[in-house]
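Down below is the structure, laid out as structure tokens.
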Amino acid sequence: MVGGNAIRGTRIGAAGPSSESERGETAPRSVVSYWCANGHESRLSFALDAEIPDEWDCPKCGLPGGQDVQNPPSAGRTEPFKSHLEYVKERRSDEEGEALLEEALEKLRQRRGRA
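So for the sequence shown, numbering that gives the first Met the number 0 puts the first residue at 0; every next one is plus one.
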């Protein structure tokens, strides 16, 4: 059969089981609400035997959410982005940096035959 369609005769949703009796029983669930500092509520469904986390990140704003609506967890401290150079400057003084640079340049000059 040239140019045939591999999924001919099927339609979306026809391949899988259609009822709970064919899929099997679902695990018993509990619904837990989490609130972030912005007042967003996230309702999540967990299996009864699952360990319920104390905090859950809010899908709307990304802040951590807790189960106490009156006392949501604080946002925490966010570190600003640091470049590689900023991290190096935390570990080395300007004098050390100059000495290392001069040492590296001297090695480069020796490799290239310029002393």
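Glycine is no exception: its CB is placed at the ideal position from the N, C-alpha and C atoms.
Quick caveat, the model's predicted, so the values are computed rather than measured.
Quick test of your reading: residue i and residue j, contact by CB under 8 Å. State the CB separation rounded to the nearest angstrom.
i   : j   : result
R76 : L47 : Actually they are not in contact, since the Cβ atoms of R76 and L47 sit about 36 Å apart, beyond 8 Å.
L62 : A74 : 5 Å
Could you work out which residue in the options is closest to residue i when comparing CA atoms only?
i   : options             : result
A49 : A26, P79, H39       : A26
P52 : E40, S41, C60, G65  : G65
S41 : R22, V68, A103, G23 : V68
N70 : H39, R90, D93, G112 : H39
P72 : L43, L99, N37, Y86  : N37
At what residues does the beta strand (DSSP E) containing residue i begin and finish?
i   : result
L43 : 40–46
By the DSSP assignment, the alpha helix (DSSP H) with residue i in it spans what residues?
i   : result
G96 : 93–111
E89 : 83–90
According to DSSP, residue i sits in a beta bridge with which residue or residues?
i   : result
D56 : P63
R28 : A46
Handout entry: Contact between the region 29–39 and the region 53–66 (3+ Cβ pairs under 8 Å)
Key = yes
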